[in-house]
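Enquirer: Let me begin by handing over the structure; questions about it come next.
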Amino acid sequence: MAITEEATTSESVEGLATDEAPAGPVSMGGLFRRFDLDTRLFGMLAAIAIIWVGFNFWSGGTFLTSRNLWNLTVQTSVVAIMATGMVLVIVTRNIDLSVGSMLGFIGMFMALLQAEWLPPLVGFGQWYTWIIVLLAGLLLGAVLGLIQGAIVAYVMVPSFIVTLGGLLIWRGLSWVMASGRTISPMDATFQLLGGGARGSVGGRTSWIIGIVASIAIVLLLLSRRRSRLKFGFRVRPLGADIALMILGPALVLGGVWFLNQYYMPEALARAYAEANGLEWPAEGLLIPFGIANPVLIAIGTAIVMTFIAHRRRFGRYVYSIGGNPEAAKLSGIKTKRVVMLTFMVMGILVGLAAAVQVARLNSATAGLGTLQELYVIAAAVIGGTSLTGGIGTIFGAVLGALFMQSLQSGMVLVGIETALQDVVVGVVLVMAVAADVVYRRRRSA
Amino acid sequence: MTGNGDTSAPLVEMRDIRVSFGGVHAVDGVTIDLQPGEILGLVGGNGAGKSTLIKTLSGAQHADSGEILINGEPVAIDEPRAAKALGIETIYQTLALAENIDATGNMFLGRELTTKLGNLDDASMEAAARKVMGRLNPKFANFKSPVERLSGGQRQSVAIARAVHFNARILIMDEPTAALGPAETDQVRQLIRQLKQEGLGIILISHDIHDVFDLADRISVMLQGKLVGTVDKDEVTTDEVLAMIIIGKMPDEVTKSELADLHG
Amino acid sequence: MKRNKYLIALVAILAIVVAACGGDDGGSDTTEGGADTTAAPAGDLTIGFSWNNFNEERWSKFDEPAFVEAIEAGGATYIKADAGSSEAQQLTDVENLIAQGADVLVILAQNTEAILPAVESALSQGIPVIAYDRLIEHPEALYLTFDNIGVGRIMAEVLFEEVSSGNFAIIKGNGADANSDFLREGMEEVIGDAVTAGDIVIVCEEYTDDWLAEVAQTTMEQCLTQNNNDIQAALVENDGMAGGVVAALAGQGLDGEIPVTGQDGDAAALNRVALGTQLVSVWKDARILGEIAGEAALALGQGSALADIPDVIEFESPGGNTMITILLDPTPITLDNLNLVVDGGVISQEDLCQGVPAGTVEICG
Numbered sequence: 000m001a002i003t004e005e006a007t008t009s010e011s012v013e014g015l016a017t018d019e020a021p022a023g024p025v026s027m028g029g030l031f032r033r034f035d036l037d038t039r040l041f042g043m044l045a046a047i048a049i050i051w052v053g054f055n056f057w058s059g060g061t062f063l064t065s066r067n068l069w070n071l072t073v074q075t076s077v078v079a080i081m082a083t084g085m086v087l088v089i090v091t092r093n094i095d096l097s098v099g100s101m102l103g104f105i106g107m108f109m110a111l112l113q114a115e116w117l118p119p120l121v122g123f124g125q126w127y128t129w130i131i132v133l134l135a136g137l138l139l140g141a142v143l144g145l146i147q148g149a150i151v152a153y154v155m156v157p158s159f160i161v162t163l164g165g166l167l168i169w170r171g172l173s174w175v176m177a178s179g180r181t182i183s184p185m186d187a188t189f190q191l192l193g194g195g196a197r198g199s200v201g202g203r204t205s206w207i208i209g210i211v212a213s214i215a216i217v218l219l220l221l222s223r224r225r226s227r228l229k230f231g232f233r234v235r236p237l238g239a240d241i242a243l244m245i246l247g248p249a250l251v252l253g254g255v256w257f258l259n260q261y262y263m264p265e266a267l268a269r270a271y272a273e274a275n276g277l278e279w280p281a282e283g284l285l286i287p288f289g290i291a292n293p294v295l296i297a298i299g300t301a302i303v304m305t306f307i308a309h310r311r312r313f314g315r316y317v318y319s320i321g322g323n324p325e326a327a328k329l330s331g332i333k334t335k336r337v338v339m340l341t342f343m344v345m346g347i348l349v350g351l352a353a354a355v356q357v358a359r360l361n362s363a364t365a366g367l368g369t370l371q372e373l374y375v376i377a378a379a380v381i382g383g384t385s386l387t388g389g390i391g392t393i394f395g396a397v398l399g400a401l402f403m404q405s406l407q408s409g410m411v412l413v414g415i416e417t418a419l420q421d422v423v424v425g426v427v428l429v430m431a432v433a434a435d436v437v438y439r440r441r442r443s444a
Numbered sequence: 000m001t002g003n004g005d006t007s008a009p010l011v012e013m014r015d016i017r018v019s020f021g022g023v024h025a026v027d028g029v030t031i032d033l034q035p036g037e038i039l040g041l042v043g044g045n046g047a048g049k050s051t052l053i054k055t056l057s058g059a060q061h062a063d064s065g066e067i068l069i070n071g072e073p074v075a076i077d078e079p080r081a082a083k084a085l086g087i088e089t090i091y092q093t094l095a096l097a098e099n100i101d102a103t104g105n106m107f108l109g110r111e112l113t114t115k116l117g118n119l120d121d122a123s124m125e126a127a128a129r130k131v132m133g134r135l136n137p138k139f140a141n142f143k144s145p146v147e148r149l150s151g152g153q154r155q156s157v158a159i160a161r162a163v164h165f166n167a168r169i170l171i172m173d174e175p176t177a178a179l180g181p182a183e184t185d186q187v188r189q190l191i192r193q194l195k196q197e198g199l200g201i202i203l204i205s206h207d208i209h210d211v212f213d214l215a216d217r218i219s220v221m222l223q224g225k226l227v228g229t230v231d232k233d234e235v236t237t238d239e240v241l242a243m244i245i246i247g248k249m250p251d252e253v254t255k256s257e258l259a260d261l262h263g
Numbered sequence: 000m001k002r003n004k005y006l007i008a009l010v011a012i013l014a015i016v017v018a019a020c021g022g023d024d025g026g027s028d029t030t031e032g033g034a035d036t037t038a039a040p041a042g043d044l045t046i047g048f049s050w051n052n053f054n055e056e057r058w059s060k061f062d063e064p065a066f067v068e069a070i071e072a073g074g075a076t077y078i079k080a081d082a083g084s085s086e087a088q089q090l091t092d093v094e095n096l097i098a099q100g101a102d103v104l105v106i107l108a109q110n111t112e113a114i115l116p117a118v119e120s121a122l123s124q125g126i127p128v129i130a131y132d133r134l135i136e137h138p139e140a141l142y143l144t145f146d147n148i149g150v151g152r153i154m155a156e157v158l159f160e161e162v163s164s165g166n167f168a169i170i171k172g173n174g175a176d177a178n179s180d181f182l183r184e185g186m187e188e189v190i191g192d193a194v195t196a197g198d199i200v201i202v203c204e205e206y207t208d209d210w211l212a213e214v215a216q217t218t219m220e221q222c223l224t225q226n227n228n229d230i231q232a233a234l235v236e237n238d239g240m241a242g243g244v245v246a247a248l249a250g251q252g253l254d255g256e257i258p259v260t261g262q263d264g265d266a267a268a269l270n271r272v273a274l275g276t277q278l279v280s281v282w283k284d285a286r287i288l289g290e291i292a293g294e295a296a297l298a299l300g301q302g303s304a305l306a307d308i309p310d311v312i313e314f315e316s317p318g319g320n321t322m323i324t325i326l327l328d329p330t331p332i333t334l335d336n337l338n339l340v341v342d343g344g345v346i347s348q349e350d351l352c353q354g355v356p357a358g359t360v361e362i363c364g
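Residue numbers (numbering that gives the first Met the number 0), protein chains in the order written: chain D, 0 to 444; chain R, 0 to 263; chain U, 0 to 364.
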């Protein structure tokens, strides 16, 4: 075994060690390695593209409209936010089954806060109400996550059990808190967190965001290249880097443009015009919604989580614990503390997702968040996170969430009945993970 | 690392170390020492207590009683970090590498370099890694793949590079060539000799008697938790050491017929 | 030796005493009709209630208090269990209630067919069963419900008066819940002809997992997208989901333009009716259901036959069973009769009128 390993590794080592292109045939896998890209993520993007095109065909051209894709991005947000945290939990070889119930509990808490507990003290519609409510929700999430995390890390009860208990406890408490009532409506400013008629940033701001993001991509690629050159490391061929510097911004700006094609329906456009003192011409005004707030929140969350995972020691420790808990401990890492913190981070993200969900629904019901844990875990796993630990990316989980939601929303769009939808989702989940397992086995064989 | 102690004192002294696990005396009053620039072979059969003894030095195990002195100064080694701070680096039998992380990441695991803002300074770490590897294993070039994709010898290099980079003065190696093929075993042996030349003290645990004879200056033998004795390599034969390992008798006690019996 | 004889004698005496006592408790009163029922004066009755899930606010707020009041007025004792939406749990709950001495069982079934073994078991032990609000496919159970088909019918009637042609969206409840189909049946009675004639086109019709509001919201969003907002009405089977549908409409500025139906009379929905974003919430005064169930339970416990309970009719169930049934009539709550819910104590005027612009709704001033 030692001999075969040596042979293949030294081949790839030679291929990777030089700055010049190796002569000879270039395989697809080799191409990806040369460009330092992740084949898995590209596979995911391809899969999403396939179902988008497929549904578009099936729905007679409705799927690939700005409106539907805009809706899709909003519908994905809640699960995407939570999936970014679930990655870290699963990477450390744990699981969190309680996120759906926790979302319901925190959501109900925030709803009661703004609809019943705060108004007697400060009245309705204050400018700061949403801030207090959001912070309270995040804090509650942190506390609940910390409790679960401490029991997992220090008392060493398996996370499956602790969070299974949480699933029951938070759901029960949610009911007790409100006696099963539906709480509605939410504070007007708070509602903006969920998108809806007024919860988007508008066309112009979307462009600004797009441009800033594009510049950031270019700068990031440049600075990476520069720092690696400074140390004399291998870099991507210049052509490849330039291609990425063009492709990245192109995708971002193209996406912004496409989303901006989704204009407000007349009723809302009129209201907007009135509110902003615009004249209403005979043929009407085309006012784009722009990127929805929940989508910005989800993207922002993904960026922050990716940063933590790859650029902070905490992230490095999370991955090393997943890869080899013994090694991590022997390296002096405080493994228990790190594990506990992953649950706390998960709790905070659940609080954020709960805010978005309650704002979007404009109410909190007793059943809010039911079954969400399954979709969150599925998103992470489809996105490449392995349940055996040590492997998983934030970006992959977000793509996983988008993939799942595309599937579900698409099926509703074409009118597939609910029971059949469940079957499809289940089958796809197993297939996606099977594909991942086989792919990994091939790579390491 | 260079303490204020007596410069003629041994690099490491472990006096009368005892470790028990619920009534079983894993280490039963063992005393060994290590000089700078010396390789001490620590040998014994399964369950002799070698790994446990060495864990008390590397901080992975608490000794129930006994003393450890570094450069003549008594020290308390409560956890791995404390051992590393004293210049003690350990290369475990399983290498203690995180499979999903690359060579650079593993080298700096727990001791990452950070930028002013507290972010991981990957570039600097990789540069340092390349520098160390350049000395130890110039052919090694795969710094970016997860270590699970590297060969046994390459993984060994990473583990050794980790130890060397952090200015180990005392290196503990537990079965370093057990999982390696002949070419790589040679490579590692070269490396160990090179490190000895640089003045490190090395405790080498091995069940391969030829490895031990090839590399070690002195050999300490343990049997069932107790130290049988410590001998100079030049003054004994492999058979006599085998006798120490299996029968527990020192060379001056063992009989010719017992030595013959060893080979069945 | 002597000791043993005394022991035997003691045991024998004890045995006789126990047998005599046991004999006294059972069968001393004769029963009228009903096989093997042990009738007891109302004061000795224990009535067990197996709830499916207390998560809907109406059960604890209206049904249970009315029911308990009725049976305690008759001197009976109340015991209960909550199955937390699990069919398996409900089977255990029923067994527990029987073990605790229930003389009559009232069951709010999680699943109309899965509950049958428990029902059979109870009936075979001479314990009468009342199917509360949700159908249980067993001819010997007393079925007590608001006319769910009627609810659907009334919903559709109110809507049909507003909008009688165009594109309709129908958002149904949980697929496994028989009520979802009853409601749909009732709607069909009203709109069926128009659909056949082509005046009404049903552009989306979907069940909703667990009656979840957020799922209904996404479904409605997709429906609006698929039809480019060209929808004239939304028939929604309950208030929780109606909230989600209205949120989806609000995202397009269409709330208040497209009429939405619901049922349950829940506070948020009634508020929406006052605001004009929901057309009707069909209110089942659950207190009446609870009260009548209590009275029926008392009667059955005292030996009444099913057919002798007041106001029963025969009802053909979807499973082909002829059920002895009490069907209660629901009340549609629209802008015109909001006073009913305020007077009925369902909602306070303050909560009802939250956010309602002055002068638009009479009861809000």
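We put the CB at the ideal spot given by N, CA and C, even for glycine. Treat the numbers as computed from the prediction; the structure is a model and nothing was measured.
Can you tell me which residues form a DSSP beta bridge with R17(R)?
Expert: On the second sequence, position 18 is the one that residue 17(R) refers to. Answer is D27(R), S64(R).
Enquirer: Which of the three DSSP states, helix, strand or coil, is assigned to Y438(D)?
Expert: As a working mapping, residue 438(D) is identified with position 439 in the first sequence. Correct three-state label for Y438(D): helix.
Enquirer: Would you mind stating whether L297(U) and I153(U) have Cβ atoms separated by less than 8 Å?
Expert: Stepping through the third sequence from its first residue, residue 297(U) is reached at position 298. Stepping through the third sequence from its first residue, residue 153(U) is reached at position 154. No, Cβ-Cβ distance for L297(U) and I153(U) is not below 8 Å.
Enquirer: Is it buried or exposed, V349(D), if we count other Cβ atoms within 10 angstroms and call 16 or more buried?
Expert: Within the first sequence, the letter at position 350 stands for residue 349(D). Flag for V349(D) reads buried.
Enquirer: I need the straight-line Cα distance from P64(U) to G293(U), nearest angstrom please.
Expert: Here residue 64(U) refers to the residue found at position 65 of the third sequence. Here residue 293(U) refers to the residue found at position 294 of the third sequence. About 10 Å.
Enquirer: Answer with buried or exposed for Q147(D), where buried requires no fewer than 16 other C-beta atoms within 10 angstroms of its C-beta.
Expert: Taking the first residue of the first sequence as position 1, residue 147(D) is located at position 148. By the 10 Å Cβ count, Q147(D) comes out buried.
Enquirer: Could one say the Cβ of I49(D) lies closer than 8 Å to chain R's Cβ atoms, at least one of them?
Expert: The residue labelled residue 49(D) in the question sits at position 50 within the first sequence. False, the Cβ-Cβ gap to chain R never drops below 8 Å.
Enquirer: Relative to the C-alpha of P166(D), which candidate in G99(D), D186(D), L220(D), R223(D) has its C-alpha closest?
Expert: Residue mapping note: residue 166(D) aligns to position 167 of the first sequence, counting from 1. Strictly speaking, residue 166(D) in this sequence is Leu, with Pro absent from that position. When each option's Cα is compared against that of L166(D), the closest is G99(D).
Enquirer: Apart from the five residues just before and just after K49(R), which ones in its own chain have a Cβ nearer than 6 Å to its Cβ?
Expert: Within the second sequence, numbered from 1, the residue matching residue 49(R) stands at position 50. The answer, listed in chain order, is L41, G43, I204, M221.
Enquirer: Can you give the Cα-Cα distance for E213(U) and G174(U), rounded to whole angstroms?
Expert: Position 214 of the third sequence, counted from the start, is the residue given in the question as residue 213(U). Position 175 of the third sequence, counted from the start, is the residue given in the question as residue 174(U). Near 16 Å, if we compare the C-alpha coordinates of G174(U) and E213(U).
Enquirer: So what does DSSP say about P145(R), is it helix, strand or coil?
Expert: Within the second sequence, numbered from 1, the residue matching residue 145(R) stands at position 146. It is a strand residue.
Enquirer: Quick one: which chain D residues come within Cβ less than 7 Å of D209(U)?
Expert: Against the third sequence, residue 209(U) aligns to sequence position 210. G366, T369, listed in chain order.
Enquirer: Taking Cβ to Cβ, would you say F142(R) is nearer than 8 Å to T89(R)?
Expert: On the second sequence, position 143 is the one that residue 142(R) refers to. On the second sequence, position 90 is the one that residue 89(R) refers to. Not a contact, by the Cβ cut-off of 8 Å.
Enquirer: Quick check on Q190(D): buried or exposed, where buried means 16 or more other Cβ atoms within 10 Å of its Cβ?
Expert: Locating residue 190(D) in the first sequence gives position 191, counting from the first residue. Classification for Q190(D): buried.
Enquirer: For a cutoff of 8 Å on Cβ pairs, would you count L419(D) as touching chain U?
Expert: Walking along the first sequence from the start, residue 419(D) turns up at place 420. It does not; no Cβ of chain U falls within 8 Å.
Enquirer: Measure the CB-CB distance between A352(D) and I80(D) and report whether it falls below 8 Å.
Expert: The residue labelled residue 352(D) in the question sits at position 353 within the first sequence. The residue labelled residue 80(D) in the question sits at position 81 within the first sequence. Yes, Cβ-Cβ distance for A352(D) and I80(D) is below 8 Å.
Enquirer: As an exercise, report each continuous alpha helix (DSSP H) stretch of at least 4 residues that is fully enclosed by the segment 379-436 of chain D, in chain order.
Expert: Entirely contained in the segment 379-436 of chain D, the alpha helix (DSSP H) runs reaching 4 residues are, in chain order, 393-412.
Enquirer: When Cβ atoms are compared, which residues of the segment 73-84 of chain R fall closer than 8 Å to chain D?
Expert: Residues E78, P79, R80, K83.
Enquirer: Verify the CB distance criterion: does G144(D) have a CB-CB separation below 8 Å to chain R?
Expert: Indexing the first sequence from 1 puts residue 144(D) at position 145. Closer than 8 Å: no.
Enquirer: Counting along the chain, where does the alpha helix (DSSP H) carrying V90(D) start and finish?
Expert: Here residue 90(D) refers to the residue found at position 91 when the first sequence is read from its first residue. First-last of the alpha helix (DSSP H) with V90(D): 65-90.
Enquirer: I need the DSSP call for T45(U), collapsed to helix, strand or coil.
Expert: On the third sequence, residue 45(U) is found 46 positions in, with the first residue counted as 1. Strand.
Enquirer: If we count the other Cβ atoms within 10 Å of its Cβ and call it buried at 16 or more, is S123(U) buried or exposed?
Expert: Here residue 123(U) is taken as the residue at index 124 of the third sequence, counted from 1. Label assigned to S123(U): exposed.
Enquirer: Answer yes if the segment 178-195 of chain D comes into contact with the segment 356-374 of chain D, meaning at least three C-beta pairs across the two stretches below 8 Å, and no otherwise.
Expert: Judged by Cβ distances under 8 Å, the segment 356-374 of chain D makes contact with the segment 178-195 of chain D, as three or more pairs qualify.
Enquirer: Can you tell me whether W129(D) is buried or exposed, with buried defined as 16 or more other CB within 10 angstroms of its CB?
Expert: Counted from its first residue, the first sequence places residue 129(D) at position 130. Classification for W129(D): buried.
Enquirer: Grouping DSSP H, G and I as helix and E and B as strand, with all else coil, what is S316(U)?
Expert: As a working note, residue 316(U) is residue 317 in the third sequence. Coil at S316(U), not helix or strand.
Enquirer: Anything in chain D within Cβ reach of E88(R), meaning under 8 Å, just list it in chain order.
Expert: Indexing the second sequence from 1 puts residue 88(R) at position 89. Per Cβ cutoff of 8 Å: no residues; E88(R) is ~11 Å from chain D at best.
Enquirer: May I ask you to list, following chain order, the residues of the segment 182-204 of chain D that have a beta carbon less than 8 Å from some beta carbon of chain U?
Expert: If the cut-off is 8 Å between Cβ atoms, the segment 182-204 of chain D has I182, S183, P184, G194, G195, A196 near chain U.
Enquirer: By how many angstroms is the C-alpha of D37(D) removed from the C-alpha of M0(D)?
Expert: Residue mapping note: residue 0(D) aligns to position 1 of the first sequence, counting from 1. Residue mapping note: residue 37(D) aligns to position 38 of the first sequence, counting from 1. Unreliable placement is indicated for M0(D), whose pLDDT of 30 sits below 50; no coordinate value is reported for it.
Enquirer: Determine the extent of the beta strand (DSSP E) in which P116(U) is found, giving its start and end residues.
Expert: Here residue 116(U) refers to the residue found at position 117 when the third sequence is read from its first residue. Run containing P116(U): none in the beta strand (DSSP E); it sits in the alpha helix (DSSP H), 115-123.
Enquirer: Where are the beta strand (DSSP E) runs, 3 residues long or more, that stay fully inside the segment 179-232 of chain R, in chain order?
Expert: Qualifying beta strand (DSSP E) stretches, in chain order: 200-204, 217-222, 225-231.
Enquirer: Within this structure, are the beta carbons of V413(D) and T218(U) separated by less than 8 Å?
Expert: Indexing the first sequence from 1 puts residue 413(D) at position 414. Indexing the third sequence from 1 puts residue 218(U) at position 219. No, the pair does not count as a contact, with Cβ atoms beyond the cut-off.
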